[in-house]
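When we follow the numbering used here, the leftmost residue of the sequence shown carries the number -14, and every step to the right adds one.
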Amino acid sequence: MRVTHPICIFGLLLTVTLGAGCRSFDAARVRQEQTDSFTSNLAARAEAELAQPLSLADCVRIAMSNNYAVRKADLDQELYRIGKNVAFTAFLPNVAAQAGYTSFAKDPKITEREFATAGVDIGMPIFMPSTWFLYAAARQGYAAAGIAAHYVRQGIVLQTTVNYYNVLVQQDMIAALESQVAAAQEMASRARGLAAEGLAANWEGDQAELAAQLRQTELNHARRQMAVLRGELLKGLGLSPTAEITLSGETGDPVRPDGDVADLVLTALATHPELSLADRQVVIKEEQVRQAFCAFLPTLSLFHNGTWTGNELAAHSVNWTTGFGAAWTVFDGFANRARYRAAKVERRQAELARESTFLSIIVGVVAAEAAVHDATEAAAVKQRAYEVTAAKVADYKAKAREGLIPLSDALDAQVLADLAQVALVQSRYQERIALANLELAMGLTLVPDLSSATPSEK
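Next up, the structure:
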């Protein structure tokens, strides 16, 4: 029984393991369960977050908690933290324990013998410099992951801001088009009446009806596009793109960074997260060069072994062994030398990447600052263009009523005024979007701190 009992236990465990592994996978059921669970989760989030109109700050706060890129960046940072802790374990002693049980009969006529054995091995590195540099590189990697997570958040703030403004622009666009449709329908009705009385050509009535149809088509397209833009905003917030969302329109007052282009570039070079990441990468490569150099050095370790046995035939039931171990690679076909040279080349690559990032940030700031000026001037020009065309339409309509000019001239002027109004609406928030892009180009985008927020705010 003593021999078969462990075998029975092993057989039982093997049966349970194989039985669990052979369970079939019902793909349709799993997909339905995941769909139901995720859908209910999205509905609960939407009910909690979308109960009232949202300001831009509200949307940014929700995105910082729910956006999937932000959550993934946090998980990446956690993996780097775990990797750093794993690298630190190289400084700790290694302890291994083993135990055994032996039962045998040398001769079936002789009573079988049985005894237990146990042992423990403890090893401790004393001189192993590569572990120091490995841990230093892991620490830098963890710090870089934190910077990367912050930069991801800055990008999500910009994306949320742009999506928020796009929805506001589309709301204004729909309102403008609704007004244009009403005016165009009124003009078409008047044109048909004039054509019926012989005061206008039939084609002028057709032109007015066509203008009304075009405005209605643009309105329908704008309404469908609104659903798309709202979906993009909701997706960035980590919510269902089909949920109902209402915006309060509160965006705050954007602040333009002080100074000329040179001042903005200097600020960006001092604070931009991408340069901080590049600095960390250079340091990591330097640690890897040092680690590669350590392959030429000997390593020393301390070990301690202890064994115990219940076999009375053994000379000693307890044995202890303590000593030092050393290892030194004398010749490995120049592989260590090649690895050391490769590590130096990789360090140079990291330095070149940092220099490229340096230049990219400079040109990015210059382009973003120019875009701010372009948006400001374009908004002023489009405002003036709308004012001019609106005045022209008012004059042409008055003259058309008096029969001083053809009705088609007034219709043409109305089309130009409608186009100018659409262009004006589209440019309304472009300056704010350009300022948000400039802030990100300089690495100055503010990320809300949710660590002190209440659970409802989180």
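Every residue, glycine too, gets a C-beta built ideally from N, C-alpha and C.
So, for residue i: in the same chain, excluding its five sequence neighbours on each side, which residues have a beta-carbon less than 7 Å away from its beta-carbon?
{"i": "N321", "result": "A280, F281, T314"}
{"i": "S261", "result": "I132"}
{"i": "P433", "result": "V45, R46, M49"}
{"i": "A228", "result": "A31, L35, L219"}
{"i": "H135", "result": "P258, V432"}
{"i": "V154", "result": "V410, Q411, R413, Y414"}
{"i": "A263", "result": "A338, R339, T342"}
{"i": "E271", "result": "R332"}
{"i": "P114", "result": "C279, L282"}
{"i": "D59", "result": "A134"}
Have a look at the DSSP bridge pairing and note the partners of residue i.
{"i": "S88", "result": "E99"}
{"i": "F112", "result": "L285"}
{"i": "I107", "result": "V80, H289"}
{"i": "T294", "result": "T102"}
What residues in its chain sit with their C-beta under 6 Å from that of residue i, if we drop five residues either side in the sequence?
{"i": "S302", "result": "T294"}
{"i": "L431", "result": "none"}
{"i": "A180", "result": "N187, G190"}
{"i": "V395", "result": "It should be pointed out that residue 395 corresponds to Ala in this sequence rather than to Val. Same-chain partners within the cutoff: Y381, K382, A385."}
{"i": "R(-13)", "result": "Confidence at R(-13) is low in this model, with a pLDDT of 42, below 50, so the placement of that residue is unreliable and no value is reported for it."}
{"i": "A103", "result": "A84, W293"}
{"i": "S40", "result": "S233, E235"}
{"i": "A82", "result": "V105"}
{"i": "N304", "result": "T292"}
{"i": "T(-11)", "result": "Below a pLDDT of 50, predicted positions are generally treated as unreliable, and T(-11), at 46, falls in that range; no measurement from the model is reported."}
{"i": "V80", "result": "I107"}
{"i": "Y86", "result": "A101"}
{"i": "T256", "result": "G428"}
{"i": "T439", "result": "A caution first: T439 carries a pLDDT of 46, below 50, which makes its placement in the model unreliable, though a value can still be read off. Closer than 6 Å at Cβ, skipping near neighbours: no residue."}
Who are the Cβ neighbours of residue i in its own chain at under 8 Å, not counting the five residues just before and after it?
{"i": "E442", "result": "Residue placement at E442 is flagged as unreliable, the pLDDT there being 48, under the threshold of 50; the coordinate-derived value follows with that caveat. R46, L435, listed in sequence order."}
{"i": "A383", "result": "none"}
{"i": "V166", "result": "A197, R200, Q201, L204"}
{"i": "Y453", "result": "Because residue 453 is not part of the residues shown, which for the chain are -14 to 443, the question remains open."}
{"i": "Y371", "result": "A402, A405, Q406, A408, L409"}
{"i": "A363", "result": "S412, Q415"}
{"i": "A42", "result": "E235, G237, P433"}
{"i": "L389", "result": "none"}
Contact defined as beta carbons within less than 8 Å: I believe residue i pairs with residue j. What is the distance between those atoms, to the nearest angstrom?
{"i": "L204", "j": "E163", "result": "6 Å"}
{"i": "A419", "j": "V357", "result": "4 Å"}
{"i": "A185", "j": "L392", "result": "5 Å"}
{"i": "L423", "j": "L143", "result": "No, L423 and L143 are not in contact; Cβ-Cβ is about 10 Å, not under 8 Å."}
{"i": "R215", "j": "V152", "result": "6 Å"}
{"i": "L285", "j": "F10", "result": "In fact, because the Cβ distance is near 51 Å, the residues do not count as touching under 8 Å."}
{"i": "A122", "j": "Q62", "result": "That belief does not hold up - the Cβ atoms of A122 and Q62 are roughly 16 Å apart, past 8 Å."}
{"i": "I107", "j": "F288", "result": "7 Å"}
{"i": "A335", "j": "A277", "result": "So it is not a contact: roughly 14 Å between Cβ atoms."}
{"i": "G223", "j": "N26", "result": "G223 to N26, Cβ: 10 Å. No contact."}
{"i": "T252", "j": "A421", "result": "The Cβ separation is near 16 Å, so there is no contact."}
{"i": "G237", "j": "N148", "result": "About 16 Å; that fails the 8 Å criterion."}
{"i": "L249", "j": "I346", "result": "Not quite, the Cβ-Cβ distance comes to about 11 Å (not below 8 Å), so this is no contact."}
Can you tell me where the beta strand (DSSP E) holding residue i begins and where it ends?
{"i": "A311", "result": "303 to 312"}
Taking the alpha helix (DSSP H) that residue i belongs to, which residues open and close that run?
{"i": "A54", "result": "53 to 73"}
The ligand PLP heavy atoms versus the CB of residue i: any closer than 7 Å?
{"i": "Q399", "result": "What this structure holds is no ligand at all, so the ligand PLP is not there to describe."}
- Query: Taking only runs of the alpha helix (DSSP H) that begin and end inside the segment 9 to 40, which ones reach a length of at least 4 residues, in chain order?
  - Reply: DSSP runs (the alpha helix (DSSP H)) wholly in the segment 9 to 40: 12 to 34.
- Message: Quick check on the DSSP output: what are the complete alpha helix (DSSP H) runs of length 4 or more inside the segment 219 to 268, in order along the chain?
- Response: With a minimum length of 4 residues, the continuous alpha helix (DSSP H) runs that stay inside the segment 219 to 268 are 246 to 256.
- Item | Segments assigned alpha helix (DSSP H), at least 4 residues, entirely inside the segment 352 to 417 | The segment 352 to 417 contains these whole alpha helix (DSSP H) runs: 392 to 411.
- Item | Those runs of the beta strand (DSSP E) which lie wholly inside the segment 113 to 180 and span at least 3 residues | Qualifying beta strand (DSSP E) stretches: none in this window.
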